[in-house]
Amino acid sequence: MNEAEPLYRRALAITEKSLGPDHPNVATALNNLAGLLRATNRLSQAEPLYRRALTIDEKSFGPHHPEVAADLNNLAGWLAAANRLSEAEPLHRRAMAILDGMGRATRMAPSLLRPTDGAPHATAKRLEQVPHSS
6 MNEAEPLYRR ALAITEKSLG PDHPNVATAL NNLAGLLRAT NRLSQAEPLY RRALTIDEKS
66 FGPHHPEVAA DLNNLAGWLA AANRLSEAEP LHRRAMAILD GMGRATRMAP SLLRPTDGAP
126 HATAKRLEQV PHSS
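Position in the sequence shown counted from 1, then plus 5, gives you the working numbering.
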């Protein structure tokens, strides 16, 4: 993974320079880099990237778009990994509400609420018990 980080950072820089700092593709590049940082246990470096990606996508797509739901899920997963469950839970709920409004949360909830290792965390276990419309 050490070899990947400079490439992710370069991709982010190129995307920002060519499309501007608030383009949705920049949000994607930010999420990719944040995911790598999280996977290499550099949680404090990942948080601002996840938050910036969410801000970009909310401005680009509006607050009820599936890209925003994905960003919310990424940030909530980071918060859960950092043992900040009280902050993670409302973000997970908001992500599920977005998808539920599209008729997608019920079938996506199990994958939405699992960290990258596939094991449900405490927030996921609580949220899996929340009733969803079908």
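We treat Cβ as the ideally placed atom computed from N, Cα and C, and that holds for glycine.
6 angstroms CB neighbourhood of residue i in its chain, flanking five on each side removed
| i | result |
| --- | --- |
| A39 | A51, L54 and Y55 |
| A32 | A58, I61 and D62 |
Beta carbon of residue i nearer than 8 angstroms to that of residue j
| i | j | result |
| --- | --- | --- |
| A93 | L84 | yes |
| E72 | P29 | yes |
| R99 | L77 | yes |
| L35 | L12 | no |
Boundaries (first-last residue) of the alpha helix (DSSP H) holding residue i
| i | result |
| --- | --- |
| G40 | P29 to A44 |
Beta-carbon contacts of residue i that lie in its chain and below 7 angstroms, excluding the five residues immediately before and after
| i | result |
| --- | --- |
| E21 | V31 |
| L3 | Limits of the chain in this structure are 6 at one end and 139 at the other, which puts residue 3 out of reach. |
| R14 | L38 |
Residue environment, residue i, which counts as buried when at least 16 other CB atoms sit within 10 Å
| i | result |
| --- | --- |
| D122 | Its pLDDT being 41, under 50, D122 is placed unreliably by the model, and the measurement read from it follows with that caveat. Classification of D122: exposed, given that the 10 Å Cβ count is below 16. |
| I103 | buried |
| L24 | exposed |
Cβ separation of residue i and residue j, assumed to be a contact under 8 angstroms, to the nearest whole Å
| i | j | result |
| --- | --- | --- |
| H69 | G106 | 6 angstroms |
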